[in-house]
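Notes to accompany the following structure.
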Amino acid sequence: MKINIITIVLVFITSTLTAGGPWPQPKGKGYFKLSEWWTVFDQHYTDSGMIDPNLTTGIYNTTFYGEYGITDRFTAVVNAPLFSRTYMNNLRSSTTNEIIIAGESLNGVGDIDLGVKYGLTKPGSNIPISVTLGVGIPTGNPSGGSQGNLQTGDGEFNQSIQIDGGKSFKLFNKNAYLSSYAGFNNRTNDFSEEFRYGLELGIGLFNQKLWVATKLNGIKSFKNGATAETVNSTSLFANNSEFTSVALDFNYYITRRVGVSISYATAINGAIIAAAPAYSVGVFYDMK
Amino acid sequence: MKNFKSIFFLSLIILASSCIEDDFVEDMIDPQIRFTSIIDTIGFNDTYQFEHIFLNNIGEIEQVDAIYTSSNPDIIPITEEGLASGLETGEAMISVSYETEDFSVKDSLRVVVGESTVTSLQKTSGQIMTTTFYELEGDFEFIETENGVTLSIAENYKASTALPGLYVYLSNNKNSIANALEIGPVEVFSGAHEYQIDDVGFDEFSFIVYFCKPFNVKVGDASL
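Each protein sequence line maps, in turn, to chains A and B. Per the numbering used here, the first sequence starts with residue -1, numbered consecutively. Per the numbering used here, the second sequence starts with residue 5, numbered consecutively.
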């Protein structure tokens, strides 16, 4: 039962990478993406929402994301951090230059999320609505390093349900869309449950070769889990993390099906979470 | 395939930048010397061996050739090594000092010659205060005991439960836990409680430091 602010960043990552919207993939079609996501932070939001410094910490994830249409209404979803690296810097004396606390790193597989999206409305509906059931599998390492404070996963199974809705329309005579979601994340091992929400506005430019999207994502904790006071205090337990983040995504189709993506995301408020931007670059294959 | 190769190599470049680097802590302090064996009365015709510690510019104990002196050698003579005698009724200032080309440090103590040598147990008090935005506050008493010291924290103490791995230390540098004594993990987050610390001198440390161990972040401190 160990988690730290790093893990919360991973949640933050997932939210910004997997916003597939309410549109299930058509049967036999899919969307696949390989991306590199990273953040390096030397400050974080405290439990009171203020910003405090911390030892510089870096997290790098090489992630495969995929959606595949099993039927026109059922879509399988996977988000798999195939390689996750986290590290903390050395802490040195500015007086003697000697290392006070040696930096450490941890490499491995991250936690894998699997899900199934079901279209509640018929394909081609004017206002599509879908529901996604997801499970988080603790394939990562929740307690690496000499202090057990380095993680590539949170060490807990979780189950989530999410409802997405959206609408396609014309904006400045261009194809555009607006989608939103709300979800509930049930977590095990005394972690607090979470309410997740998001809003996304996207527009296709240059004959829809370039899609630009702005996103707002958030997590509100139910604060019904354990804290350092209620668990063995020697465990590295932080809970009740929250954030609101904004993101900007650029997806450019190099060919009809293959493209590259770049994204930037940052928390605008939060609690027990990194206070630094996150970046992602990737290449995708869209079987449209 | 070309694009996947590109992202693969780009990932390698990004990952190559993910190396462990250095953060620095501002840990310079003024060197100091202080008595660690304190008496206020030395017995007539008794002898007493004074002791001291010298702390360098990062609060680390260093062995140095300090010199003891007495302001009134006719009443309390003392050797350069700190062995004092009570010769006459009266009082004297006993000092220990150390000097280099760069600095000089000194500590002094008023000692009276009386019927017998008196070594009373010492006690101090103060307030623990947060140095971050995490809640941490409370009064404390630091009491010398036969076996060491007791850190007694008052009823008005409160600490955030949001931080994992909060530990208490005794240190001579409030910005660093290098050379500090780890008392143990924080297990009480509100109200009175105590830490018994054996084999520690009352004057051995200058600060109480609260430190989030897994994230290497200082959370609060108090002066002893």
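Positions of the beta carbon are idealized from the N, C-alpha and C atoms, including for glycine.
With distance defined between alpha-carbon atoms, name the residue in the options nearest to residue i.
i, options, result
"K120(A)", "G113(A), V129(A) and G151(A)", "V129(A)"
"G108(A)", "S141(A), G117(A), N124(A) and R255(A)", "S141(A)"
"I212(B)", "P218(B), E95(B) and E141(B)", "E141(B)"
"H197(B)", "A226(B), D203(B), A158(B) and I187(B)", "A158(B)"
"Y43(A)", "L167(B), A184(B) and F193(B)", "L167(B)"
"T83(B)", "A182(B), I71(B), D143(B) and G130(B)", "I71(B)"
"V75(A)", "S103(A), K31(A), I260(A) and A274(A)", "K31(A)"
"L170(B)", "D78(B), G195(B) and V221(B)", "V221(B)"
"D111(B)", "I132(B), Q126(B), L91(B) and L59(B)", "L59(B)"
"T37(A)", "T94(A), T60(A), D284(A) and S92(A)", "T60(A)"
"A269(A)", "I217(A), F189(A), K207(A) and D40(A)", "I217(A)"
"L208(A)", "T228(A), V244(A), F241(A) and T253(A)", "T253(A)"
"T123(B)", "D26(B), A226(B) and D44(B)", "D44(B)"
"V204(B)", "L113(B), N151(B) and D106(B)", "N151(B)"
"L203(A)", "E191(A), G163(A) and Y251(A)", "Y251(A)"
"Q131(B)", "F146(B), G118(B), L125(B) and E119(B)", "F146(B)"
"S129(B)", "F144(B), E119(B), E139(B) and Y138(B)", "F144(B)"
Suppose you measure from the CA of residue i to the CA of residue j; what does that come to, to the nearest Å?
i, j, result
"I159(A)", "N215(A)", "16 angstroms"
"N49(B)", "N76(B)", "15 angstroms"
"S99(B)", "G223(A)", "57 angstroms"
"Y195(A)", "Q149(A)", "25 angstroms"
"D45(A)", "E85(B)", "53 angstroms"
"W21(A)", "P126(A)", "7 angstroms"
"R255(A)", "F282(A)", "8 angstroms"
"E208(B)", "A276(A)", "45 angstroms"
"P218(B)", "L228(B)", "25 angstroms"
"S22(B)", "F62(A)", "20 angstroms"
"G181(A)", "L197(A)", "12 angstroms"
"C216(B)", "F81(A)", "28 angstroms"
"F39(B)", "D225(B)", "23 angstroms"
"D40(A)", "S123(A)", "46 angstroms"
Does DSSP put residue i in a helix, a strand or coil?
i, result
"S120(B)", "coil"
"R254(A)", "coil"
"C216(B)", "strand"
"K152(B)", "Rather than Lys, the amino acid found at residue 152(B) in this sequence is Gly. Of the three classes helix, strand and coil, the one that applies to G152(B) here is strand, per DSSP."
"M97(B)", "strand"
"M285(A)", "coil"
"Q36(B)", "strand"
"L59(B)", "strand"
"E208(B)", "coil"
"S243(A)", "strand"
"P140(A)", "coil"
How about residue i and residue j: do their beta carbons lie closer than 7 angstroms?
i, j, result
"D50(A)", "T136(B)", "yes"
"G56(A)", "K27(A)", "no"
"I271(A)", "S239(A)", "yes"
"T121(B)", "I42(B)", "no"
"N183(A)", "N147(A)", "no"
"T212(A)", "L246(A)", "yes"
"I37(B)", "Y102(B)", "yes"
"I62(B)", "D31(B)", "yes"
"V116(B)", "E95(B)", "yes"
"S243(A)", "A263(A)", "yes"
"N87(A)", "L53(A)", "yes"
"R83(A)", "N105(A)", "yes"
For a test of your reading of the model: does the CB of residue i fall under 6 angstroms from any non-hydrogen atom of the ligand GTP? Yes or no.
i, result
"H56(B)", "Among the components of this structure there are no ligands whatsoever, and the ligand GTP is therefore not found."
At least 3 beta-carbon pairs within less than 8 angstroms: the region 172 to 182 of chain B vs the region 89 to 101 of chain A: The answer is yes - the region 89 to 101 of chain A touches the region 172 to 182 of chain B, with three or more Cβ pairs under 8 angstroms.
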